[in-house]
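The sequence shown begins at 75 in my numbering and counts up one residue at a time. Ideal placement from N, C-alpha and C gives every residue a C-beta, glycine not left out. Here the structure is a predicted model, which means the values were calculated and not measured. Input: a single structure, listed below in structure tokens.
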Amino acid sequence: MSTTLGSLRRLLMAPSLQEVTLGARGFPGASSEYAPKLDAIPQSVVCGFEWGIDSRDQDEIVRRLAFVEPELRGFAYEGATMAFTIRDVMGRGTRARDLLDGPGAEHLFVAYIGIGFAMNHLPRGLWRKVVPDLTGSPYHPTMTWLAVDGYGFDLAYFHSRKWVDEQRVPPSYPWQGRPDYFPRAIDQGIGRALWFIHGAQADEVARALGRFDPARHADLWSGVGLAATFAGGGTPDELATLPAAAGEHRPELALGSVFAVKARVHAGFVPEHSATAVGTFAEITPEAASELADATAVAPDTEGPVPPYEVWRSRIRAHFAAMRTRPAA
């Protein structure tokens, strides 16, 4: 049941379902045949956000989220986590922690992205409070870099002129004490956004990515691989053009695809389009992709000059780089 205060928060903060569509954003991919499928994704996030802002308790929002079809449910959890994060940071409470330590645990990967969406609506001085303590999870705090990815996606999706057309680089921030890595995680989110902005049209995505500084291409391609695999769009033949377009960054494309499948497997539902994409980009099955992610995982307390998240990514990337250089039998 909604509350007066919750309804006011929703009216002040939530965009309408129409406002988040590719057409309303003025994206070049709005005329793509895949636009309706992609539009359903940010709309699911908005629904989750509205329920999270308006809900009285966790049971209520979990029941609502259960009505969302499995393919889109993770996106609705993104929105709910965004709402809970804002409510926790601006007031008091442990809504986000309780959700992700409980019924939302299977959607943890995408929920971290929802925290990144919240960051774009909060002063930087409050960012130190956005990540809930999920000690005990094998993915915490390693995968909290997905929050920075989510922040980058949000910047690119809602301010595309500045961050995509003009290709500006946001000021850094000492996330997990690593301000040097912050821009790289943002580029992974911008790469994901390119998939949406260009309506999952593989050739247009590749051309748009190619206009960025080459030093940013690796992380952008990783984001494209993640979005194409998790969100879908594109025929098998169209997807098959991306590995060649990625060129030397084909391992990054495969890396993003593996992470996307791992998130899908963790949530208990792997759509057919995810299996097709990971088979195209990484030449493995979803089961093998999940096993690869598990086999290369890094302990959350691993110390060193490189964030454990990037160590994990580099191990997966190295696997595919080795496959490319392996001589034919």
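Sequence-distant residues of its chain with Cβ nearer than 7 Å to residue i (five each side left out)
i	result
K236	R242
R391	P325, E326, L329
P253	S246, Y247
Local conformation of residue i per DSSP, three classes
i	result
F101	coil
H214	coil
D287	coil
G165	coil
R198	helix
S364	helix
E346	helix
G80	Legend: pLDDT at G80 = 48, less than 50; position of this residue unreliable, no value from coordinates given.
E278	helix
P248	coil
A408	Nothing in the structure corresponds to residue 408, since the chain is present only between 75 and 403.
E93	coil
D133	helix
T209	coil
Integer Cβ distance of residue i from residue j, believed to fall under 8 Å
i	j	result
A104	F123	Rounded, the Cβ-Cβ distance is 22 Å, inconsistent with contact.
A259	V222	4 Å
Y255	P381	6 Å
T159	I189	5 Å
D176	A157	The sequence as given places Gly at residue 176; Asp does not occur at that position. So it is not a contact: roughly 16 Å between Cβ atoms.
Y151	G178	6 Å
A88	V120	6 Å
H272	A292	About 19 Å separates the two Cβ atoms, so there is no contact after all.
Nonlocal neighbours in the same chain, by C-beta distance under 6 Å from residue i, ignoring five residues either side
i	result
A267	F227, A230, Y231
L86	For L86, the predicted model reports a pLDDT of 49, less than 50, meaning its position is unreliable and no value from the coordinates is stated.
Y383	T216, W219
G308	A274, A276
R338	V344, S348
D162	R169, A170
Sequence-distant residues of its chain with Cβ nearer than 8 Å to residue i (five each side left out)
i	result
R410	Since the first residue shown for the chain is 75 and the last is 403, residue 410 is missing from the structure and cannot be characterised.
I115	L146, F149, F270, A305
Specify whether the stretch 212-221 and the stretch 246-257 touch according to this definition: at least 3 beta carbon pairs, one from each stretch, less than 8 Å apart.
yes
For the stretch 311-323 against the stretch 339-358, are there 3 or more C-beta pairs whose distance is under 8 Å?
yes
Any contact of the stretch 332-349 with the stretch 287-303, i.e. 3+ C-beta pairs under 8 Å?
yes
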